[in-house]
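Q: Starting off with a structure, shown below.
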Amino acid sequence: MLLSLPQPYDFALSTERFRVFGVDRANLWHEGGLHRVVVGREVRIEAAPGGVE
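Quick note on numbering: the sequence shown equals residues 934 to 986 in our numbering.
Below is the structure:
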């Protein structure tokens, strides 16, 4: 599922804190994507043309 975001959008810049500060209790940066649990379901968020998937 593509989530469109207003342009210009920089996925790398918006997720920099996860790479700099490391693992926290809600987020995990792994192999180019952000992993989270949302309403009991694990999701992976990664860059996609025009937004994130």
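Cβ coordinates follow ideal geometry from the N, Cα and C atoms, glycine included.
Taking the CB atoms as reference points, tell me whether residue 946 and residue 986 lie closer together than 8 Å.
A: On the sequence shown, residue 946 is found 13 positions in, with the first residue counted as 1. On the sequence shown, residue 986 is found 53 positions in, with the first residue counted as 1. No, Cβ-Cβ distance for residue 946 and residue 986 is not below 8 Å.
Q: Leaving out five residues before and five after residue 966 in sequence, what residues of the same chain have Cβ atoms less than 8 Å from its Cβ?
A: Against the sequence shown, residue 966 aligns to sequence position 33. Only 977, 978, 979 meet the Cβ criterion.
Q: Does DSSP classify residue 953 as helix, strand or coil?
A: Translated into the one-based positions of the sequence shown, residue 953 becomes position 20. Reduced to three states, the DSSP call for residue 953 is helix.
Q: My guess is that residue 969 and residue 959 are in contact by the Cβ rule of under 8 Å, so how many angstroms apart are they, rounded?
A: Counting from one through the sequence shown, the residue named residue 969 turns up at place 36. Counting from one through the sequence shown, the residue named residue 959 turns up at place 26. Yes, they are in contact, since the Cβ atoms of residue 969 and residue 959 sit about 6 Å apart, within 8 Å.
Q: Starting from the C-beta of residue 961, find all residues in its chain whose C-beta is less than 7 Å away, skip the five residues before and the five after it, and write them out in chain order.
A: Within the sequence shown, residue 961 is the residue found at index 28, counting from 1. Excluding sequence neighbours, residue 961 sits near 968.
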